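Residue 18 is where the sequence shown starts when you use the working numbering, and the numbers rise one by one after that. The beta-carbon is built from N, C-alpha and C at its ideal position, and this holds for glycine as well. For clarity, every value in this text was computed on a predicted model and none was experimentally measured. Below is one structure, written out as structure tokens, with a few remarks after it.
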Amino acid sequence: MPQDVPVSLPVKQLHELVVFEKYLENETKFSTLVSYFSTIGGRDLKCKVNAILRQILTNNVASSLSFLGSRNGKKPFCSLKLKKLITRTENEINDAIKVWLKHAPKRQAADKKKQDSVGDV
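The structure is reproduced here in structure tokens:
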């Protein structure tokens, strides 16, 4: 976790979420957090998203939000930079998978070459 995050995570009050959102306006800091949260594991996307959200929001703050913010005076999660952070994290992971798969034939050829050279000994 970057040392310069201005609030203690998970945020415990809505005003802390506002401060965190302001921090995320800086593209460099935003990108640093995307990279950090991309490292969080989970057996599937739902588990990964839950793990990220648990690190950022307490249930107290989460109870003040709904995805669209259209019920009971709750704030809209969909308009938060936090939502973009999670989405970008997923995209970064997808991009890494694409690159890894793209280079599989080269790795396979290198493995075959290595096996062939061992067989020659």
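Compute the distance between the beta-carbons of residue i and residue j, then report whether it is under 8 Å.
| i | j | result |
| --- | --- | --- |
| T75 | V28 | yes |
| P19 | L70 | no |
| S99 | L41 | The displayed chain sequence assigns Leu, not Ser, to residue 99. Yes, Cβ-Cβ distance for L99 and L41 is below 8 Å. |
| L31 | V78 | yes |
| K92 | S80 | no |
Can you tell me whether DSSP reads residue i as helix, strand or coil?
| i | result |
| --- | --- |
| S55 | helix |
| V35 | helix |
| V135 | helix |
Please report how far the alpha carbon of residue i lies from the alpha carbon of residue j, in whole angstroms.
| i | j | result |
| --- | --- | --- |
| V116 | L34 | 34 Å |
| A68 | N89 | 26 Å |
| P23 | D133 | 55 Å |
| E107 | C95 | 16 Å |
| R124 | A113 | 16 Å |
| S52 | E109 | 8 Å |
| I73 | S87 | 22 Å |
| K63 | P122 | 31 Å |
| F84 | K65 | 18 Å |
| V135 | D128 | 11 Å |
| F37 | T45 | 14 Å |
| F47 | L102 | 7 Å |
| S55 | D61 | 13 Å |
**Request:** Can you check the region 60–126 for any beta strand (DSSP E) of at least 3 residues that lies completely inside it and give the ranges in chain order?
**Result:** Runs found: none.
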